[in-house]
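Peer 1: According to the numbering used here, the sequence shown is numbered sequentially starting from 1097.
Ideal placement from N, C-alpha and C gives every residue a C-beta, glycine not left out.
Sharing a structure, written as structure tokens. Questions coming.
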Amino acid sequence: RLLQPVTSVMWSPVPSAAPATDLRRVAALLLHTGLPGVPVADDSGEVLGFVSRTDLLRALATDPPLDLWG
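Below you can see the structure in the form of structure tokens.
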């Protein structure tokens, strides 16, 4: 199983987000695909970064600050 080529398990085209994509859209994409995150690419396709589920949870919990006990 480990000898199979990467092309047999890769996603193509790769789901990605633009820098200005709303976080809710990224969250919906992750829910729909089951992926743990997506690359962020500019208009030319150059990868600028990666947004993970953890990044989304961090953004949700800190902006605005979440009052966990209130």
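1. Of the choices Glu1142, Ser1140, Leu1127, whose alpha-carbon is the least far from that of serine 1148?
2. If we count the other Cβ atoms within 10 Å of its Cβ and call it buried at 16 or more, is alanine 1116 buried or exposed?
3. Just tell me which of Leu1156, Pro1109, Trp1165, Leu1098 has its CA closest to the CA of proline 1135.
4. Can you tell me whether DSSP reads valine 1136 as helix, strand or coil?
5. Given serine 1112, which residues of its chain have a CB within under 6 Å of its CB, disregarding the five upstream and five downstream residues?
Peer 2: Judging by the given coordinates:
1. Along the sequence shown, one-based indexing puts residue 1148 at 52. If we check each option's Cα against that of serine 1148, Leu1127 comes out closest.
2. To locate residue 1116, count along the sequence shown from 1; it is residue 20. Under this definition alanine 1116 is an exposed residue.
3. Counted from its first residue, the sequence shown places residue 1135 at position 39. Proximity to proline 1135 across Leu1156, Pro1109, Trp1165, Leu1098 peaks at Pro1109, based on C-alpha coordinates.
4. On the sequence shown, position 40 is the one that residue 1136 refers to. When DSSP states are grouped into helix, strand and coil, valine 1136 belongs to the strand group.
5. Position 16 of the sequence shown, counting from 1, holds the residue named residue 1112. Cβ contact annotation for serine 1112 (same chain, cutoff 6 Å, sequence separation greater than five): Val1134, Pro1135, Ala1137, in chain order.
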